[in-house]
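Below is one structure, written out as structure tokens; the observations come after it.
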Amino acid sequence: MNMLNIAVDPAKVPTVAFERSPGYWQTVFRRLLRDKVAMAAAFVVLVLILLALFGGMLTPADPYKSSMLSRLKPIGTPNFPLGTDELGRDMLSRLMVGARLSLFMGITPVVCAFIIGSIIGITAGYAGGYVNTVIMRTIDVFYAFPSVLLAIALSGALGAGITNSLISLTVVFIPPIARVAESVTTQIRTRDFVEAARASGAGAFTIVRVHVLGNVLGPIFVYATSLIAVAMILASGLSFLGLGVKPPEPEWGLMLNTLRTAIYTQPWIAALPGVMIFITSIAFNLLSDGLRSAMEIKG
Amino acid sequence: MLQFLFRRILYTLPIMLGVALVCFALVHLAPGDPLVSILPPDASQEMQQQLRTLYGFDRSYPEQFASWVWRALQGDLGTSIASSRPVTAEVLKAVGNTLRLAAMATLIGFIFGCLFGFVAGYFQNSWVDKAASFTSVLGVSVPHYWLGMVLVIIFSSLLMWLPASGAGPGGSDQWKWDWEHIKHMLLPAITMSVIPMGIIARTVRALVAEILAQEFVVGLRAKGLTDVGVFLHVVKNAAPTALAVMGLQLGYLLGGSILIETVFAWPGTGFLLNSAIFQRDLPLLQGTILVLAMFFVVLNLVVDVVQTLLDPRIAR
Numbered sequence: 525m526n527m528l529n530i531a532v533d534p535a536k537v538p539t540v541a542f543e544r545s546p547g548y549w550q551t552v553f554r555r556l557l558r559d560k561v562a563m564a565a566a567f568v569v570l571v572l573i574l575l576a577l578f579g580g581m582l583t584p585a586d587p588y589k590s591s592m593l594s595r596l597k598p599i600g601t602p603n604f605p606l607g608t609d610e611l612g613r614d615m616l617s618r619l620m621v622g623a624r625l626s627l628f629m630g631i632t633p634v635v636c637a638f639i640i641g642s643i644i645g646i647t648a649g650y651a652g653g654y655v656n657t658v659i660m661r662t663i664d665v666f667y668a669f670p671s672v673l674l675a676i677a678l679s680g681a682l683g684a685g686i687t688n689s690l691i692s693l694t695v696v697f698i699p700p701i702a703r704v705a706e707s708v709t710t711q712i713r714t715r716d717f718v719e720a721a722r723a724s725g726a727g728a729f730t731i732v733r734v735h736v737l738g739n740v741l742g743p744i745f746v747y748a749t750s751l752i753a754v755a756m757i758l759a760s761g762l763s764f765l766g767l768g769v770k771p772p773e774p775e776w777g778l779m780l781n782t783l784r785t786a787i788y789t790q791p792w793i794a795a796l797p798g799v800m801i802f803i804t805s806i807a808f809n810l811l812s813d814g815l816r817s818a819m820e821i822k823g
Numbered sequence: 056m057l058q059f060l061f062r063r064i065l066y067t068l069p070i071m072l073g074v075a076l077v078c079f080a081l082v083h084l085a086p087g088d089p090l091v092s093i094l095p096p097d098a099s100q101e102m103q104q105q106l107r108t109l110y111g112f113d114r115s116y117p118e119q120f121a122s123w124v125w126r127a128l129q130g131d132l133g134t135s136i137a138s139s140r141p142v143t144a145e146v147l148k149a150v151g152n153t154l155r156l157a158a159m160a161t162l163i164g165f166i167f168g169c170l171f172g173f174v175a176g177y178f179q180n181s182w183v184d185k186a187a188s189f190t191s192v193l194g195v196s197v198p199h200y201w202l203g204m205v206l207v208i209i210f211s212s213l214l215m216w217l218p219a220s221g222a223g224p225g226g227s228d229q230w231k232w233d234w235e236h237i238k239h240m241l242l243p244a245i246t247m248s249v250i251p252m253g254i255i256a257r258t259v260r261a262l263v264a265e266i267l268a269q270e271f272v273v274g275l276r277a278k279g280l281t282d283v284g285v286f287l288h289v290v291k292n293a294a295p296t297a298l299a300v301m302g303l304q305l306g307y308l309l310g311g312s313i314l315i316e317t318v319f320a321w322p323g324t325g326f327l328l329n330s331a332i333f334q335r336d337l338p339l340l341q342g343t344i345l346v347l348a349m350f351f352v353v354l355n356l357v358v359d360v361v362q363t364l365l366d367p368r369i370a371r
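One line per chain: the protein sequences are S and U, in this order.
Taking our numbering, the leading residue of the first sequence gets 525, the next gets one more, and so forth.
Taking our numbering, the leading residue of the second sequence gets 56, the next gets one more, and so forth.
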């Protein structure tokens, strides 16, 4: 098109320009709906969340009621469709109720780390200079620990318990989220619209709230969702070691631990809680992958 | 190059100091008196005071930290509260076992990860690619401690082919490279290899896809180079990143072996950490974590330097 010809014939203006084009998030959502794998994963996640919320009301038996007479019944026993555990408690009921604590332990640390890590990362990225160096070098120190080691070391030092595991897992996930937040914020900070806002006299807080947040939260959020699967495995791992949830609460990692004694008598029952952790973590990974490609984030 | 090396090492030193500070803080983060696990409940005030002085808990934090770091530099990580043996000796013995296991696992993971990654990258969007990509999702999603249990169920409990736990026949302590010992290593190593396999497969697939799309590949094909020749060029270009990922994975496995070592009763650092935590043996906990984290920092440094040697474009 000839760029010098600025006179516009009103009849040639395409009408599309006056219609509201679909927003970014609408496009992302539409792409996600077309992704069959991601939709299947979303369905599984939805079922798990419903199970976590309402599983307690739907259980066929009392998940805490033990019975010495019906210990380690095989899968398919009448009244016990998935058998019983080492204390004679109904496995199906315990697996259903276990969704609540297991999902809670996996998702909460990521949510907390998302909030704290974003604040730290955006501050470092927006402030730049000296503040950035101090914050990011501190983050580097925590990066020097392999995540499993840091989680176990922290909960080992703090002692077993739900709160302590949540704290240590949050600490584990803050550094990677802060790093991602810092790098996307640094990219946005140098863009023209931020420069323009600053030139027109907007304060730092306003710029971050109006111009930066909307552009950085998406990528940070997608990165955080990819951590949920890891968090699930780690949280259950802590309980598996005896550092997380305490008996008799049903939590999949803890159930795996207590059922290890049954590995030679009822091996398939002993493996069941792990199947639940596996399914959950696959579903979250696939959903996060789908979200990432729908938002066209590379790497 | 020398300047880069110097700068890289200089950059690592404050991180090492920070790591030491975190390890030191762990003990003081712990609720309760660190001596409580060894003191008899009826210990006199005087005895408590003696032990406190012995372990240095009566001095100020900066003082304790300085003397701890100073002694750690000389290879003295203190005395285990539970066993009264030097922490350094205990950790070194365990590190050998863990390193052997993690190295074996990384090797298995690297071989299969590269295989899947290359096949998937070469045949993008074919069914082979989809199968390989799905396998790598499974690899990064599986709770490896559970996979270990399942392998024990299949190969030890049902088939009775391989031993379920320990590092050698009859709980032997000394490692030998014979079939009896390797048999003990197979299940934990395979279990451990699943995570690096998934990650390496993903990385290599992305690398190969990216390299194949570059112009020089078209150029090579245009000048009539055979497929094998082009493949060698792709390997050469993918190698630095793939090797770097492998090195980092070795570090992650060293630090993350605790769950697998617990499942297989493998006498490594994970096993040591586990007993340190449950006996509230804080010097041992501190020492083990320090050694593992330092190893990870040094490994990062080595990976960076090697990667720069292989691919000079990285050095700035």
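Even glycine gets a Cβ: it sits at the ideal position worked out from N, Cα and C.
Since the structure is predicted, the reported quantities are computational estimates derived from the model, not experimental observations.
With at least 16 other beta carbons inside 10 angstroms of its own, Q304/U counts as buried. Taken in chain order, the whole alpha helix (DSSP H) runs of length 4 or more contained in the stretch 656-683 of chain S are 671-682. In this structure M71/U touches V352/U by the C-beta definition: roughly 6 Å separates them, less than 8 Å. L156/U is the residue among L156/U, M349/U, L337/U and V289/U whose C-alpha sits nearest the C-alpha of W321/U.
For K148/U, the uninterrupted alpha helix (DSSP H) run begins and ends at V142 to Y177, by DSSP.
Ranking E145/U, M159/U, C169/U and P295/U by CA distance to the CA of S330/U puts E145/U first. If you compare the alpha carbons of T657/S, R618/S and I676/S with that of A759/S, the shortest gap goes to I676/S. The Cβ of T296/U sits no closer than 8 Å to any Cβ of chain S. For the pair H199/U and I315/U, the Cα-to-Cα distance works out to about 7 Å. The DSSP assignment places 282-311 and 313-319 as complete runs of the alpha helix (DSSP H) inside the stretch 278-326 of chain U, in order along the chain (cut-off: 4 residues). As computed with DSSP, F604/S is found in a beta bridge with T601/S. Nearest in C-alpha terms to L339/U, of all of Q103/U, R140/U and L84/U, is R140/U. Contact between the stretch 157-173 of chain U and the stretch 736-749 of chain S is absent, with fewer than three C-beta pairs closer than 8 Å. For the options T134/U, V285/U and E265/U, the alpha carbon positioned closest to that of G274/U is the one of V285/U. L287/U is classed as exposed because its beta carbon has fewer than 16 other beta carbons within 10 Å across all chains shown.
Using beta-carbon distances, W201/U counts as an interface residue toward chain S, with a partner under 8 Å.
Taken in chain order, the members of the stretch 307-321 of chain U whose beta-carbon sits within less than 9 Å of a beta-carbon on chain S are Y307, L308, L309, G310, G311, S312, I313, L314, T317 and V318. At a cut-off of 8 Å between beta carbons, Y788/S contacts chain U.
Non-local C-beta neighbours of A702/S in its own chain, meaning closer than 6 Å and more than five positions away in sequence, comprise G641, I644, G645 and I663, ordered along the chain.
Within chain S, the residues placing a beta-carbon under 9 Å from that of G73/U are R661, T662, D664, V665, F666 and A668, ordered along the chain. In the structure shown, D184/U falls within a helical segment according to DSSP collapsed to helix, strand and coil. Using a CB distance cut-off of 8 Å, V285/U does not count as an interface residue toward chain S. Our two residues, F764/S and V183/U, have alpha carbons roughly 35 Å apart in a direct line.
Among the bridge pairs identified by DSSP, D609/S is matched with none.
Closer than 8 Å to the CB of A623/S there is not a single CB belonging to chain U. Taking the C-beta atoms as reference points, F802/S is found no nearer than 8 Å to W216/U. Between I70/U and chain S, the shortest Cβ-Cβ separation is below 8 Å. Ranking V754/S, V718/S and L678/S by CA distance to the CA of P700/S puts V754/S first. Residue contact with chain U for P791/S: present (Cβ-Cβ distance below 8 Å to some residue of chain U). Neighbours of V658/S in chain U, taken as residues at a C-beta separation under 7 Å, are lacking, since the least C-beta distance is about 11 Å.
Taking a Cβ-Cβ threshold of 7 Å, the residues of chain S close to N329/U are L765, in chain order. Scanning its chain for C-beta atoms nearer than 8 Å, with the 5 sequence neighbours on each side dropped, one finds around D559/S the residues G814, S817 and A818, in chain order.
Secondary structure note for G342/U: its alpha helix (DSSP H) is the uninterrupted segment L337 to L365. Between the stretch 645-661 of chain S and the stretch 596-613 of chain S there are fewer than three inter-stretch CB-CB distances shorter than 8 Å, so the stretches are not counted as touching. DSSP places T134/U in the strand class (E or B) of the three-state scheme.
With a beta-carbon spacing of about 6 Å, L811/S and V569/S fall inside the 8 Å limit used to define contacts.
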